[in-house]
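Chemist: Quick one: this structure, given as structure tokens, is what I'll be asking you about.
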Amino acid sequence: MKPLRPLSWSLSVKLPLTISAVVAGVAFMIGGVILLDARQRLRTELEDKVLAMATAVSVSTGDAVMRHDYWALYKSLKSMALRHGSATPIHSGALLGADGTVLAHLDPARHPPGLPLSGAREDERARLRAAVATGMPSVGEPAAAGVVESIVPIRAGDMVVGAVVLWISTTELDKRTWAATLTIISLTSALALAGSAVGAAISSRMVRPLRQLAKGMETVGRGDLGAVVPVMPGDRDEIGQLVERFNCMAVQLAEKQRLEQQLAVNEKLAALGRIAAGVAHEVNNPLGGMLNCVDTIKSHPQQPELLVQYFPLIDRGLNRIHAIVQALLVELKADAGRGAASDVRLEDVRDLIMAEIDGRDIVFTWDDRLGGDGSRSCPRVQQVALNLLKNAVQAMPDGGTLTFRAWVDDPWAVIEVEDTGVGIPADNLPRIFDPFFTSRQSGTGLGLWVTYRLVQSLDGAIAVDSVPGQGSLFRVTMPARPVMEEVCAA
Amino acid sequence: MTGMSRRTLVRALPALAVMPVAGTASAAVPDRVVRFGLTPVVVQENLQFFNAWRRYLEERIGRPLRFVQRRSYREIIQLLEAGEIDFAWICGYPFVRRRETDFLDLLAVPVFDGQPLYRSYVIVHRDSAVRGLAGLAGCSFAFSDPDSNSGYLAPRGMLQRMGHAPEQHFRLTFFTYNHAETVEAVADRFADGGAVDSYVWEYLARTRPELTGQTRVIEWSEPFGFPPLVARRGSEPALVARMRSALLDMSGAAEGRRLLKDLALDGFREGDAALYDGIRALAAWIGDKGGTP
């Protein structure tokens, strides 16, 4: 069985339960009080009645007691019982002489006249003696429960000559109390049910906006602002206000997202413009030189030495254009086509960089922990590492420390390249991955852009942390699996 | 003047007003309501019957009639003696006692089971183990009326003949002043035993069998003269004669027979005081032994 954990229950359960518990509790309490009161009232009524009945007999029997007219006494007792018997179940009754002998009893077979009252308990005898001695009527419940007993002295002149004793069964009282109990229980249950229904209605009304709010927040959390369904505020209460604020927030977030998307499109267009301008500019420079060469050669066809003189220039210019176009063509597709290069090891990158820093005052630390025979890696990863390392070497014209770290932090593969070079000014940081952005005269401005595109193609992310004058740290994080196996193998 | 109807009298009144005083007294007599005393020798529960019987008798005597009821026999006898009532249905015991004072005349004697006789029944509760009057020693006993033969005198005589002193035989005695109530006292077990008029017990056995069913007759007396209907000696002889013939003729008329059937009687016949010699002898014998309870 699942343990009950009320604290974790839904509000829509807890609220109606609480409300019905409170309603039922209050109703039962009021019912109980009413019941006790009713029982007390019925009891008092019964006592008044039995006292009145006994008194009625006592005032009419004084003479008959004096005459020892047993039959008249019995008849008056019996007719009283017959008169009231239907409304009040008389348990028994007796007329007793001052000495306690039975003058008449409603159960004459067991209590014949002329004999002492048999079976009377001591407390009863004491009450009888007290009634005869004081002449005061009494009413109460004797030790034997289930009856109300009334003792009224019979007077003849100023003398107490006997007593009327009446016992009325409390069965009727119990029956009426039980009937009242049933009524109250059913009323209370009906009230509790109604309370639960009202509670359920109230709580569902209260909980519905909360639940919608939670769903809405989840949607917002996912960033799916378009899917946020406006929550209908039920009331102008606190929940209603919360819901309204949430709706406002969702609208504002959606507006912000729309603006951001617009901005992104604008930026993309601007970047595209920059690329086009960069390409045009970069290609135009060697193109201009080469066109001059060709013009010169065309206008002096009789001077073949010019051909020898300008050909290397044309060759260089074409190579530069080729390099630019190559760099621009770095794409997943282009890369996959170069699968043959997959047996190139990451270690080769180290060798290339060692050659690059040859003679410079740079301490180079290599720490490759990509696992397995580890060094086997995808060409794109090698290209990324090579670009970042080259970049770092160039950032340290006066020497420094270059650190390469690569490890697997499942499910990620992480590559870090740290240098102690010049660092990147804060103004430039947002633009370093833009194409044709460079801080060096000789650079094409495509290295980091190409790196960025490669990392993107690997479903990874690149981050840079740089302090001008102290150095930079590039960290590439990408899914480990494609880095290690599939894409490379493909 | 005796045949004068009420209407005639009323028309005569203006004339009487101017007449001398002597005539007025005799003029009022015929109009006086005839009063008929009833004692518990007859069960008086059926008021409709008594209304019907009253109308029947009124028709025949030509006078308005009222039945007068009192709790005890003695009160009825006193009313007779005082002249408050003209007729009464009493017990044979007061009749034999009061006849000595010569103010009662036998009017008629009921015929019960073919004879003008009845008995005294000694009854106990159906579940009682007592077999006879002697067995009721130390018990409580209900008498009907101190002036009743069957409900008092006869059982005392029976005890005395058995050699028991009636005063000491029972633990407790009381009077119910009514034969029917004596049956009730025994049926309720308020009394261990009781003495009742056999006619009343038999009548009740027919009309209220659930009551008499609770009781059992354990002993009965010798037959006595049935409780007689008597007339005050001072009553108008003509009225007495009309009343007597009205009663004696009942068995001859359909309406009368219907009423007799309700009374569980065969009819009324002329009585002879000698019919009550048995009661007289018993009363005398008991009187010698002395005492009343």
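From first to last, the protein sequence lines are chains A and B. Sequential numbering of the first sequence, starting at 0, is according to numbering that gives the first Met the number 0. Sequential numbering of the second sequence, starting at 0, is according to numbering that gives the first Met the number 0. Here a beta-carbon is modelled for each residue, glycine too, at the ideal position from N, C-alpha and C.
Please decide whether D36/A counts as near chain B, where near means a Cβ-Cβ distance under 8 Å.
Modeler: Within the first sequence, residue 36/A is the residue found at index 37, counting from 1. No - not a single Cβ of chain B is within 8 Å of the one on D36/A.
Chemist: Quick check on L102/A: does DSSP put it in helix, strand or coil?
Modeler: As a position in the first sequence, residue 102/A is number 103, starting the count at 1. Strand, per DSSP.
Chemist: Please report how far the alpha carbon of W284/B lies from the alpha carbon of A253/B, in whole angstroms.
Modeler: Residue numbering aside, residue 284/B sits at position 285 when the second sequence is read from its first letter. Residue numbering aside, residue 253/B sits at position 254 when the second sequence is read from its first letter. C-alpha separation (whole angstroms): 44 Å.
Chemist: Per the contact definition of three or more C-beta pairs closer than 8 Å, is the region 86-97 of chain A in contact with the region 187-198 of chain B?
Modeler: no
Chemist: Once the 5 residues before and after A245/B are set aside, which same chain residues still bring their CB inside 7 Å of it?
Modeler: The sequence position of residue 245/B within the second sequence is 246, counting from 1. Closer than 7 Å at the Cβ level, and outside the excluded window around A245/B, lie L56, R59, I60.
Chemist: Output needed in chain order: residues of the region 113-130 of chain A with a Cβ under 7 Å from some Cβ in chain B.
Modeler: Under the 7 Å Cβ criterion, the region 113-130 of chain A contributes G113.
Chemist: Taking DSSP's pairing of strands, which residues face W411/A in a bridge?
Modeler: Working through the first sequence from its first residue, we reach residue 411/A at position 412. DSSP lists D408/A, P478/A as partners of W411/A.
Chemist: Any beta carbon of chain B sitting closer than 8 Å to that of A63/A?
Modeler: Counting from one through the first sequence, the residue named residue 63/A turns up at place 64. Using a CB distance cut-off of 8 Å, A63/A does not count as an interface residue toward chain B.
Chemist: What separation, rounded to the nearest whole angstrom, lies between the Cα atoms of V278/A and W365/A?
Modeler: Translated into positions along the first sequence, residue 278/A becomes position 279. Translated into positions along the first sequence, residue 365/A becomes position 366. Roughly 36 Å between the two C-alpha positions.
Chemist: According to DSSP, which residues form a beta bridge with T364/A?
Modeler: The residue you call residue 364/A lines up with position 365 of the first sequence. Answer is T402/A, bridged to T364/A.
Chemist: To the nearest angstrom, report how far apart Q260/A and G222/A are at their CA atoms.
Modeler: Here residue 260/A refers to the residue found at position 261 when the first sequence is read from its first residue. Here residue 222/A refers to the residue found at position 223 when the first sequence is read from its first residue. For Q260/A and G222/A, the distance between alpha carbons rounds to 13 Å.
Chemist: On the DSSP letters alone, give me the boundaries of the beta strand (DSSP E) that R215/B sits inside.
Modeler: To locate residue 215/B, count along the second sequence from 1; it is residue 216. That run of the beta strand (DSSP E) goes 214-219.
Chemist: From the DSSP secondary-structure annotation, give me the bridge partner or partners of Q114/B.
Modeler: By one-based count along the second sequence, residue 114/B stands at place 115. In the DSSP output, where bridge partners are listed per residue, Q114/B has F111/B.
Chemist: Helix, strand or coil for A141/B, going by three-state DSSP, please let me know.
Modeler: For the purposes of this step, residue 141/B is identified with residue 142 of the second sequence, where counting begins at 1. Here A141/B sits in strand by DSSP.
Chemist: Between which residues of its own chain and P285/A is the CB-CB distance below 6 Å, once the five residues before and five after are set aside?
Modeler: As a working mapping, residue 285/A is identified with position 286 in the first sequence. Once the five neighbours on either side are set aside, the close Cβ partners of P285/A are G316, R319, I320.
Chemist: For chain B, find out if any of its Cβ atoms is closer than 8 Å to the Cβ of A97/A; answer yes or no.
Modeler: Looking up residue 97/A in the first sequence gives position 98. Answer no: the Cβ-Cβ gap between A97/A and chain B never drops below 8 Å.
Chemist: Where F344/B and L264/B are concerned, what is the direct C-alpha to C-alpha distance, given to the nearest angstrom?
Modeler: Nothing can be reported for residue 344/B: it is not among the residues displayed for chain B, which extend from 0 to 292.
Chemist: Using a Cβ-Cβ cut-off of less than 8 Å, list which residues of the region 170-182 of chain B approach chain A; keep chain order.
Modeler: R170, L171, F173, F174, T175, Y176, E180
Chemist: Any C-beta of chain A within less than 7 Å: which residues of the region 182-209 of chain B qualify?
Modeler: A184, D187, R188, F189
Chemist: Opposite I167/A in the DSSP bridges: which residues?
Modeler: Residue mapping note: residue 167/A aligns to position 168 of the first sequence, counting from 1. According to DSSP, which records beta bridges pairwise, I167/A is partnered with I89/A, V147/A.
Chemist: Tell me the rounded alpha-carbon separation between I122/B and T176/A.
Modeler: Position 123 of the second sequence, counted from the start, is the residue given in the question as residue 122/B. Position 177 of the first sequence, counted from the start, is the residue given in the question as residue 176/A. Distance between the alpha carbons of I122/B and T176/A is about 46 Å.
Chemist: Whose CA, out of S471/A, L81/A, S137/A, F310/A, lies closest to the CA of M289/A?
Modeler: For the purposes of this step, residue 289/A is identified with residue 290 of the first sequence, where counting begins at 1. Relative to M289/A, the option among S471/A, L81/A, S137/A, F310/A whose CA is nearest is F310/A.
Chemist: Can you list the residues of chain A that A141/B reaches, using a CB-CB cut of under 8 Å?
Modeler: To locate residue 141/B, count along the second sequence from 1; it is residue 142. Those are W70, listed as they occur along chain A.
Chemist: Output the distance between the C-alpha atoms of M158/A and A97/A, rounded to the nearest integer angstrom.
Modeler: Your numbering for residue 158/A matches position 159 in the first sequence. Your numbering for residue 97/A matches position 98 in the first sequence. One C-alpha to the other measures close to 10 Å.
Chemist: Once the 5 residues before and after R349/A are set aside, which same chain residues still bring their CB inside 7 Å of it?
Modeler: Numbered from its first residue, the first sequence carries residue 349/A at position 350. W365, listed in sequence order.
Chemist: Suppose contacts are defined by Cβ-Cβ distances below 8 Å. Is I89/B in contact with F35/B by that definition?
Modeler: Counted from its first residue, the second sequence places residue 89/B at position 90. Counted from its first residue, the second sequence places residue 35/B at position 36. No, Cβ-Cβ distance for I89/B and F35/B is not below 8 Å.
Chemist: Starting from Q302/A, follow the alpha helix (DSSP H) in both directions and report where the run begins and ends.
Modeler: Looking up residue 302/A in the first sequence gives position 303. Counting along the chain, Q302/A falls outside any alpha helix (DSSP H), and DSSP gives it neither H nor E.
Chemist: Would you say S88/A faces chain B, with C-beta separation under 8 Å as the test?
Modeler: What you label residue 88/A is simply residue 89 of the first sequence in a count that begins at 1. Note that residue 88/A is Pro in the sequence shown here, rather than Ser. Not closer than 8 Å to any Cβ of chain B, the Cβ of P88/A fails to qualify, so no.
Chemist: Roughly how many whole angstroms lie between the Cα atoms of L181/A and L35/A?
Modeler: Within the first sequence, numbered from 1, the residue matching residue 181/A stands at position 182. Within the first sequence, numbered from 1, the residue matching residue 35/A stands at position 36. So the two alpha carbons sit approximately 14 Å from each other.
Chemist: Please list, in chain order, the chain B residues whose beta carbon lies closer than 7 Å to that of A93/A.
Modeler: Walking along the first sequence from the start, residue 93/A turns up at place 94. Per Cβ cutoff of 7 Å: no residues; A93/A is ~12 Å from chain B at best.
Chemist: Can you give me the Cβ contacts of A488/A inside the same chain, cut-off strictly under 6 Å, excluding the 5 residues immediately before and after it?
Modeler: Sequence index remark: in the first sequence, residue 488/A carries index 489 (1-based). Residue placement at A488/A cannot be trusted, given a pLDDT of 42 that sits under 50; the coordinates are not used to answer.
Chemist: For Q68/B, name the three-state secondary structure that DSSP assigns.
Modeler: Residue numbering aside, residue 68/B sits at position 69 when the second sequence is read from its first letter. Three-state DSSP puts Q68/B in a strand.
Chemist: Quick one, which of F403/A, V324/A, I18/A, S456/A has its alpha-carbon nearest R379/A's?
Modeler: Taking the first sequence and counting its residues from 1, one reaches residue 379/A at position 380. Ranking the options by Cα distance to R379/A, first place goes to S456/A.
Chemist: Along the chain, where does the alpha helix (DSSP H) that runs through S197/B open and close?
Modeler: What you label residue 197/B is simply residue 198 of the second sequence in a count that begins at 1. Counting along the chain, the alpha helix (DSSP H) containing S197/B begins and ends at 197-206.
Chemist: Pull up the distance between the alpha-carbon of P222/B and that of R109/A, whole angstroms please.
Modeler: As a first step, residue 222/B is located in the second sequence; it is residue number 223 there, counting from the start. As a first step, residue 109/A is located in the first sequence; it is residue number 110 there, counting from the start. Using only the alpha carbons, I get a separation of about 35 Å.
Chemist: Does the region 158-168 of chain B come within contact of the region 54-63 of chain A, defined as at least 3 CB pairs closer than 8 Å?
Modeler: Cβ pair count under 8 Å is below three, so no.
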